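Mind the numbering: the sequence shown is residues 98 to 370 in the working numbering, read in order. Ideal Cβ positions, reconstructed from N, Cα and C, are used throughout, including at glycine. Keep in mind the model is a prediction, meaning the values are calculated, not measured. Worksheet: the structure to be examined is printed underneath.
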Amino acid sequence: AGAGAPPAPAAAPAAPECFLGVVVTGEAVDVAAQGEGLLEEVLVEVGDRVERGQPLARLDAENLRHQLAIERANLSTADAGRRRMALELERAEMEYQRRLGLEDIFSSAETDAARFDRDAARLQLEAAEADYARAAARIEQLTAALERSVVRAPFAGRVALRYLDAGATVASGRPILRLIGGGTQLTRFAVSPAQAGALRPGLPVRVEVETPRLSLEGVIDNVAPEIDAASQMVFVEARLPEPAAGAPPINSGAVARVSTLRDGAPLPSCLDG
Numbered sequence: 098a099g100a101g102a103p104p105a106p107a108a109a110p111a112a113p114e115c116f117l118g119v120v121v122t123g124e125a126v127d128v129a130a131q132g133e134g135l136l137e138e139v140l141v142e143v144g145d146r147v148e149r150g151q152p153l154a155r156l157d158a159e160n161l162r163h164q165l166a167i168e169r170a171n172l173s174t175a176d177a178g179r180r181r182m183a184l185e186l187e188r189a190e191m192e193y194q195r196r197l198g199l200e201d202i203f204s205s206a207e208t209d210a211a212r213f214d215r216d217a218a219r220l221q222l223e224a225a226e227a228d229y230a231r232a233a234a235r236i237e238q239l240t241a242a243l244e245r246s247v248v249r250a251p252f253a254g255r256v257a258l259r260y261l262d263a264g265a266t267v268a269s270g271r272p273i274l275r276l277i278g279g280g281t282q283l284t285r286f287a288v289s290p291a292q293a294g295a296l297r298p299g300l301p302v303r304v305e306v307e308t309p310r311l312s313l314e315g316v317i318d319n320v321a322p323e324i325d326a327a328s329q330m331v332f333v334e335a336r337l338p339e340p341a342a343g344a345p346p347i348n349s350g351a352v353a354r355v356s357t358l359r360d361g362a363p364l365p366s367c368l369d370g
């Protein structure tokens, strides 16, 4: 361009990405299975209120129940065996002591044979006790595994997200549900899978609430690892700052508009223009 050419127009500011969200109150955690296997049943729906310790989901535990039944039978057999061997040891001890007291009737070889029977019975009782202890320990392990197959609420709250449905294969630690309790305020909003790729925990967002009219800077706390099957969207949660002294409270359920802008640009308002 030659001298005196008009300056190029300034680039228009990048348009914000705006999302409609809702304010929720509470500690938020992903609830995961402690074991792995087939997800047999999800017992709650999004929005349900739950109590601490309430079952939320179950993994298929048929094999565990089958093994537990076998080990209980083994324990019963081992218990009968150790009782029988305890009686046998008692009988052998009495016979040995009897022969010791009747040295004029029983030869030393006969007394030694009784002592051998007594010692053998003692060893058999120790083996039976070990069988019983192994079966009892195995039952304890299987009972604990069976308990872990039930996913329970870590605290009282509300189901915010449901990542998996019955029939899904679950690895240990894979989130099944997201639970929100009381306390910290969050804004939950949905984005497309393409938009979710640009969002990450720690990214700042602007959250605008109409009632009471507030504009707050929040921080993304969680981006769901799964696409919601019903909406085909990805749910995101942004943590709101602690309210300033004297600030009006934000009610749980209040509608919020969330805006993000990448590349470190100032956070825009979704209400501008």
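One or two residues paired with residue i in a DSSP bridge
{"i": "LEU39", "result": "Residue 39 lies beyond the range of the chain shown here (98 to 370); nothing can be said about it."}
{"i": "PHE286", "result": "GLY118 and VAL333"}
{"i": "ARG146", "result": "ARG255"}
{"i": "ALA353", "result": "GLY118 and VAL306"}
{"i": "GLU314", "result": "ARG303"}
{"i": "PRO272", "result": "ALA129"}
{"i": "ILE277", "result": "ALA125 and ARG255"}
{"i": "VAL141", "result": "Beta-bridge pairing links VAL141 to no other residue."}
{"i": "ASN319", "result": "GLU334"}
{"i": "THR266", "result": "LEU135"}
Cut-off 6 angstroms between Cβ atoms - residues of its own chain near residue i, not counting five sequence neighbours on either side
{"i": "GLY254", "result": "GLY123, LEU276, ILE277 and GLY278"}
{"i": "ALA287", "result": "MET330 and PHE332"}
{"i": "THR357", "result": "GLU114 and VAL302"}
{"i": "GLN151", "result": "ALA250"}
{"i": "PRO268", "result": "The amino acid at residue 268 is misidentified as Pro; the sequence shows Ala. For ALA268, where only same-chain residues beyond five positions count, the Cβ hits under 6 angstroms are GLU133."}
{"i": "LEU186", "result": "ALA218, ARG219 and LEU222"}
{"i": "ARG179", "result": "ALA225, GLU226 and TYR229"}
{"i": "ASP214", "result": "ALA189"}
Residue interval of the beta strand (DSSP E) (run including residue i)
{"i": "ASP127", "result": "125-129"}
{"i": "GLU307", "result": "It is not in any beta strand (DSSP E) - GLU307 carries neither H nor E in the DSSP assignment."}
Separation of residue j from residue i, as counted between CA atoms
{"i": "ARG245", "j": "ARG231", "result": "21 angstroms"}
{"i": "VAL333", "j": "VAL147", "result": "21 angstroms"}
{"i": "ALA189", "j": "ALA225", "result": "16 angstroms"}
{"i": "ALA154", "j": "GLN282", "result": "26 angstroms"}
{"i": "ASP325", "j": "GLU223", "result": "58 angstroms"}
{"i": "LEU199", "j": "ARG181", "result": "27 angstroms"}
{"i": "PRO272", "j": "GLY132", "result": "12 angstroms"}
{"i": "ALA125", "j": "LEU274", "result": "10 angstroms"}
{"i": "PRO290", "j": "VAL248", "result": "28 angstroms"}
{"i": "HIS163", "j": "ALA242", "result": "13 angstroms"}
{"i": "ALA265", "j": "VAL141", "result": "16 angstroms"}
{"i": "ASP209", "j": "ALA183", "result": "21 angstroms"}
{"i": "GLY144", "j": "ILE167", "result": "41 angstroms"}
{"i": "ILE347", "j": "ALA293", "result": "26 angstroms"}
{"i": "ASP157", "j": "ALA263", "result": "10 angstroms"}
{"i": "ALA351", "j": "SER328", "result": "21 angstroms"}
{"i": "ALA175", "j": "GLU323", "result": "48 angstroms"}
{"i": "ALA130", "j": "ALA177", "result": "38 angstroms"}
{"i": "GLN238", "j": "ALA227", "result": "16 angstroms"}
{"i": "THR240", "j": "ARG169", "result": "11 angstroms"}
{"i": "LEU165", "j": "ARG149", "result": "27 angstroms"}
{"i": "PHE252", "j": "VAL355", "result": "28 angstroms"}
{"i": "GLY270", "j": "PHE116", "result": "30 angstroms"}
Residue i beta carbon near the ligand MG (any heavy atom closer than 6 angstroms)
{"i": "VAL120", "result": "This structure does not include the ligand MG; it has no bound ligands of any sort."}
Chain B within 7 angstroms of residue i, Cβ atoms only
{"i": "TYR260", "result": "Here there is only one protein chain, and chain B is not present."}
Sequence-distant residues of the same chain with beta carbon closer than 7 angstroms to residue i, five excluded per side
{"i": "ALA353", "result": "GLY118, VAL119, VAL120, THR284, VAL304, GLU305 and VAL306"}
{"i": "ARG212", "result": "TYR193"}
{"i": "PHE203", "result": "ARG196"}
{"i": "ARG336", "result": "THR281, LEU283, GLY315, VAL316 and ASP318"}
{"i": "VAL160", "result": "The residue you asked about is not Val; residue 160 is Asn in the sequence shown. Answer for ASN160: no residue qualifies."}
{"i": "ASP127", "result": "PRO272 and ARG275"}
{"i": "LEU313", "result": "VAL304, LEU337 and PRO338"}
{"i": "SER349", "result": "VAL120, VAL121 and THR122"}
For residue i, the first and last residue of its enclosing alpha helix (DSSP H)
{"i": "ARG249", "result": "Counting along the chain, ARG249 falls outside any alpha helix (DSSP H), though it belongs to the beta strand (DSSP E) covering 247-249."}
Residues near residue i by beta carbon distance below 8 angstroms, same chain, minus five either side
{"i": "LEU172", "result": "TYR229, ALA232, ALA233 and ILE236"}
{"i": "GLU207", "result": "ARG196"}
TODO: Specify whether the segment 224-241 and the segment 259-270 touch according to this definition: at least 3 beta carbon pairs, one from each stretch, less than 8 angstroms apart.
DONE: By the C-beta criterion, the segment 224-241 is judged not to be in contact with the segment 259-270, since fewer than 3 inter-stretch pairs fall below 8 angstroms.
TODO: Mind the definition here: the segment 302-316 touches the segment 126-140 only if three or more C-beta pairs lie below 8 angstroms; say whether that holds.
DONE: A contact between stretches requires three or more CB pairs, one per stretch, nearer than 8 angstroms, and the segment 302-316 fails this requirement with the segment 126-140.
TODO: Would you be able to state if there are at least three C-beta pairs under 8 angstroms between the segment 316-323 and the segment 293-308?
DONE: These segments touch.
Open item on the list: With a threshold of 8 angstroms, are at least 3 pairs of Cβ atoms found where one atom belongs to the segment 190-199 and the other to the segment 208-226?
Closed with: At 8 angstroms Cβ cutoff, the stretches touch.
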